[in-house]
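Heads up, the thing below is written out as structure tokens.
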Amino acid sequence: MTFTGDSRLVIRGDFNAPHTIWGYGHSSKKGTDLADLIERAGLTLLNEPASHTRIGAGPHRDTTPDLTLCKNAGIITWENTFEELGSDHRILSIALGDPPAISRKHKVRLVDWD
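Residues 1 to 114, numbered by the UniProt record's numbering, are exactly what the sequence shown covers, in order.
What follows is the structure in structure tokens.
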């Protein structure tokens, strides 16, 4: 599955797709399907599984529905600020550095000067 070519891609969203890879205690069908898609697409998950992005209320546990994925991102950092500003979701910060250098293929035409 190719959908970015050599371009930089960063995806961030509230996926609500439980999976043990990103810190849930169980995996749902939606989470398993998403994990399979991430692998097939060659995406990288930036989240730290123990750094929950949503605060549980009452009997509910803290979870990680907010995922950050990338491909061809170059230098990138991900941080959970642990600030929620009145929401049940924490503020996440990413910093993008320079994109990776792309090796371009050029046609070379040789000239015989003799």
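We put the beta carbon where it would ideally sit given N, CA and C, even for glycine.
Query - DSSP-derived helix/strand/coil call for Ala35 - result: For the purposes of this step, residue 35 is taken as the residue at position 35 of the sequence shown. Here Ala35 sits in helix by DSSP.
Report task. Taking 9 Å as the cut-off, decide whether the C-beta atoms of Thr68 and Leu96 are in contact. Result -> Residue mapping note: residue 68 aligns to position 68 of the sequence shown, counting from 1. Residue mapping note: residue 96 aligns to position 96 of the sequence shown, counting from 1. Cβ atoms of Thr68 and Leu96: not closer than 9 Å.
Query raised in the report: Nearest CA to the CA of Ser87: which residue from Ile55, Thr64 and Asn80?
Result: Along the sequence shown, one-based indexing puts residue 87 at 87. Ranking Ile55, Thr64 and Asn80 by Cα distance to Ser87 puts Ile55 first.
Query raised in the report: For the candidate residues Arg90, Glu48 and Leu85, whose alpha-carbon lies nearest to that of Thr77?
Result: Numbered from 1 along the sequence shown, position 77 holds the residue referred to as residue 77. Of Arg90, Glu48 and Leu85, the residue nearest in Cα terms is Glu48.
**Report entry** Proximity below 9 Å, CB of Asp98 to CB of Phe15
**Finding:** For the purposes of this step, residue 98 is identified with residue 98 of the sequence shown, where counting begins at 1. For the purposes of this step, residue 15 is identified with residue 15 of the sequence shown, where counting begins at 1. The answer is no: Cβ separation not under 9 Å.
Requested in this report: Closer than 7 Å by C-beta to Ala38: which residues in its own chain qualify, once you throw out the five before and the five after it? Chain order, please.
Outcome: What you label residue 38 is simply residue 38 of the sequence shown in a count that begins at 1. According to the sequence shown, residue 38 is Ile rather than Ala. Correct list, in chain order: Leu45 and Leu69.
Requested in this report: On a CA-only basis, which of Leu9, Gly5, Arg90 and Ser51 is nearest Tyr24? Give me that one, please.
Outcome: Looking up residue 24 in the sequence shown gives position 24. The shortest Cα separation from Tyr24 among Leu9, Gly5, Arg90 and Ser51 belongs to Ser51.
Query raised in the report: What are the start and end residues of each continuous alpha helix (DSSP H) run of 4 or more residues lying completely inside the segment 10–60, in chain order?
Result: Counting whole runs of 4 or more residues, the segment 10–60 contains the alpha helix (DSSP H) stretches 29–40.
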